[in-house]
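**Q**
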């Protein structure tokens, strides 16, 4: 698998990302949309699985995340982040003319991907959401109610049953290990409300969630999912799995579900 770096102008400065491709010509594009406080450099194993199934994969660090410009984890307007993802899609389409495009979003990236489906779904083959923040999020509401945001980082044990995942997360200098910032939470709440108010989308969507997700509880997320779920959407959950299902002990099964869903919504491959 070949990996190359890319950058482009986003709403808050330079956005930096990565492109993954294989030796064989790709027959579709996948955009990976990462979660809060992290970066796309944590997704090469996801990209490899997608590339092995015929994709060329693009991902970019959101404003204030990873290697992109901006104050760390400060997002004052998520609709602008959605616009940044659209710029990435346009870049991918320019480099891969005629190929269908799918989107895979995790956690906060699932929130962004859900809004992306509402705004730009007409041009997509399908969307996959992994542990998305949808509907209501009790942790966020608790932070907004506090007079001062506590300086408590995300508990790495909530990410995966594999302790090595949490250890790598803690050791990653590009991951934000500080407190949430109030403007970011307020902006996230606004986007949650906008998504719920906009209702179902027609683009095929797959919602995947760990049943032991303590960071973004499945019950809260699925309540929001019900408001946007279209007729061509489906969902699946994984017993015992925690928040980062792409990094879970059953990640092979999860990624199989992802590539199977994407493949089922692509134009049929022509026989050689």
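Residue numbers (the working numbering): 18 to 289. Glycine included, every Cβ here is placed at the ideal spot set by N, Cα and C.
(1) When the Cα of residue 243 is compared with those of 100, 199 and 216, which residue comes out closest?
(2) Whether or not the stretch 102-118 and the stretch 186-195 are in contact is what I'm after, with contact meaning three or more pairs of Cβ atoms, one per stretch, closer than 8 Å; do they touch?
(3) In whole angstroms, what is the alpha-carbon distance linking residue 221 and residue 205?
(4) Give the straight-line distance between the Cα atoms of residue 38 and residue 128, rounded to the nearest whole angstrom.
(5) Answer yes if the stretch 73-89 comes into contact with the stretch 44-55, meaning at least three C-beta pairs across the two stretches below 8 Å, and no otherwise.
(6) Using alpha carbons as the reference points, say which of 19, 23 and 28 lies closest to residue 40.
(7) Please list the segments of the beta strand (DSSP E) lying wholly inside the stretch 20-104, counting only runs of 3 or more residues, in order along the chain.
(8) Count Cβ pairs between the stretch 245-259 and the stretch 221-233 that sit closer than 8 Å; are there 3 or more?
(9) At what residues does the beta strand (DSSP E) containing residue 177 begin and finish?
(10) Can you list, in chain order, the residues of its chain whose CB lies under 7 Å from that of residue 278, leaving out five sequence neighbours each side?
(11) Report the start-end ranges of each beta strand (DSSP E) in the stretch 110-176 that is 3 residues or longer and not cut off at the edges.
(12) Taking its Cβ as the centre, do 16 or more other Cβ atoms sit within 10 Å of residue 89, making it buried, or is it exposed?
(13) If contacts are defined as beta-carbon pairs under 8 Å, then residue 2 and residue 227 qualify, I think. What distance do you get, rounded to the angstrom?
(14) So, for residue 55: in the same chain, excluding its five sequence neighbours on each side, which residues have a beta-carbon less than 6 Å away from its beta-carbon?
(15) Would you mind reading off the limits of the beta strand (DSSP E) that contains residue 235?
(16) Hey, out of 200, 119 and 64, whose CA is closest to residue 138's CA?
(17) Do you know offhand how far residue 232's Cα is from residue 87's?
**A** Taking the coordinates as given:
(1) Between residue 243 and the set 100, 199 and 216, the nearest pair of CA atoms involves 216.
(2) When C-beta atoms of the stretch 186-195 are compared with those of the stretch 102-118, fewer than three pairs fall below 8 Å, so the two segments do not count as touching.
(3) Those two C-alpha atoms are separated by around 24 Å.
(4) For residue 38 and residue 128, the distance between alpha carbons rounds to 26 Å.
(5) Touching, per the Cβ criterion.
(6) From the listed residues 19, 23 and 28, the smallest Cα separation to residue 40 is found for 19.
(7) 30-38, 45-50 and 72-77, all fully within the stretch 20-104.
(8) Yes, since at least three Cβ pairs between the stretch 245-259 and the stretch 221-233 fall closer than 8 Å, the two stretches touch.
(9) Taken as a continuous stretch (DSSP letters only), residue 177 belongs to no beta strand (DSSP E), as it is neither H nor E.
(10) These residues qualify, in order along the chain: 143, 145 and 223.
(11) Here the runs fully enclosed are 118-123 and 143-147.
(12) Exposed: under 16 other Cβ atoms inside 10 Å.
(13) An answer regarding residue 2 cannot be provided, because it is not within the stretch 18 to 289 covered by the chain.
(14) Cβ-Cβ distances below 6 Å link residue 55 to 192 in the same chain, with the five nearest sequence neighbours on each side left out; the list follows chain order.
(15) Run containing residue 235: none in the beta strand (DSSP E); it sits in the alpha helix (DSSP H), 235-245.
(16) The candidate whose alpha carbon is nearest that of residue 138 is 119.
(17) A straight line joining the alpha-carbon of residue 232 with that of residue 87 spans about 25 Å.
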